[in-house]
Each structure stands twice: as structure tokens, then as C-alpha cells.
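Under the working numbering, the residues of the sequence shown are numbered 227 to 346, in order. In this text, a Cβ means the ideal position worked out from N, Cα and C, and glycines have one as well. One structure is given below, encoded as C-alpha cells.
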Amino acid sequence: MTADEPTVEADVRERIESDPFCATLGIDLVDLGPTSARTELAVGEDLLNFHGTPHGGAVYSLADAAFAAASNAQGKTALAIETNISYLDSVDVGATLVATAEETHDAARIATFRGRVYRP
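Shown next, in the form of C-alpha cells:
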């Protein structure tokens with residue numbers, strides 16, 4: 227590989243960071259490893275639902291962006307077969323949410339990832 231050739235990590239990072247939906251929500255990719263990733267989202271009033279709490283879709287999208295980065299980090303196209311999320315607490319405007327995703331099992335064609343969304 228020459229200095230001009232992008233690494234797999236750089237390519238994956240560029241794809242996630244240029245994702246228009248992530249940009250619309252304000253999701254940032256802050257860490258990327260070979261089988262893990264971390265994303266962050268500052269909760270603004272534009273992300274609130276009618277209860278005045280962060281919209282579940284925004285929180286899910288933060289987790290999904292971390293999963294997308296982690297699962298594609300080795301340069302192979304990866305898609306979700308099934309996901310599940312439980313919303314256990316709410317946060318206030320101005321808080322930062324962090325999502326992590328980490329591979330827990332790789333069986334050639336199907337891998338399992340565990341994600342977490344939390345306040346640091």
C-alpha cells in the first residue's frame with residue numbers, strides 16, 4: 227500500500243462521516259476499530275419528541291450509526307438482519323449521548339454485535 231492509497235478504516239470513516247442522514251441528525255463518528263465503533267450526538271431541541279425528550283428514532287439512529295461503522299470496519303459490506311433496542315431512561319436538551327457497538331461473535335457470514343447508548 228502506498229501513502230496515496232486509503233486504508234480500509236479511512237474509507238469506512240469517510241463513508242460514515244459523509245452519510246447525509248447522520249449529518250442531518252448531527253451524529254459524529256468519534257472512534258473506529260476493526261470490530262468496534264463509537265458515535266456521539268448532542269441532544270438539541272430539534273431532536274425532541276412531543277414529550278420533550280429525545281425522539282426514539284434519533285437515539286436508535288445513533289446506535290445504528292455505531293453498528294454500521296463497526297460492522298463495516300473491515301471493508302466488507304454488512305447489513306443488519308435484526309436489531310432490538312430498549313429505552314431505559316431519558317436525557318435533557320444539551321446532553322451528549324454516546325453509542326458504542328462491538329462485535330461479540332463472527333460466524334463467517336453472520337456476526338453478532340452488542341450496542342449501548344449512554345450518557346458519559
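Boundaries of the alpha helix (DSSP H) in which residue i is found, first to last residue
| i | result |
| --- | --- |
| residue 250 | 246-251 |
| residue 237 | 234-243 |
| residue 317 | No alpha helix (DSSP H) holds residue 317; DSSP gives it neither H nor E. |
| residue 284 | 282-298 |
Residue i (DSSP reduced to helix, strand or coil)
| i | result |
| --- | --- |
| residue 345 | coil |
| residue 347 | Absent from the structure is residue 347, since the part of the chain shown begins at 227 and ends at 346. |
| residue 336 | strand |
Beta-carbon separation (whole angstroms), residue i vs residue j, contact threshold 8 Å
| i | j | result |
| --- | --- | --- |
| residue 326 | residue 264 | 5 Å |
| residue 281 | residue 288 | Incorrect: roughly 11 Å between the Cβ atoms, too far for contact. |
| residue 306 | residue 258 | The Cβ separation is near 18 Å, so there is no contact. |
| residue 316 | residue 279 | 4 Å |
| residue 237 | residue 301 | 7 Å |
First through last residue of the beta strand (DSSP E) which encompasses residue i
| i | result |
| --- | --- |
| residue 329 | 322-333 |
| residue 256 | 254-258 |
Same chain only: Cβ atoms within 7 Å of residue i, ignoring 5 sequence neighbours per side
| i | result |
| --- | --- |
| residue 256 | 264, 265, 266 |
| residue 292 | 263, 264, 265, 325, 326, 327, 341 |
Proximal residues to residue i (C-beta, below 6 Å), its chain only, five neighbours per side dropped
| i | result |
| --- | --- |
| residue 319 | 269, 271 |
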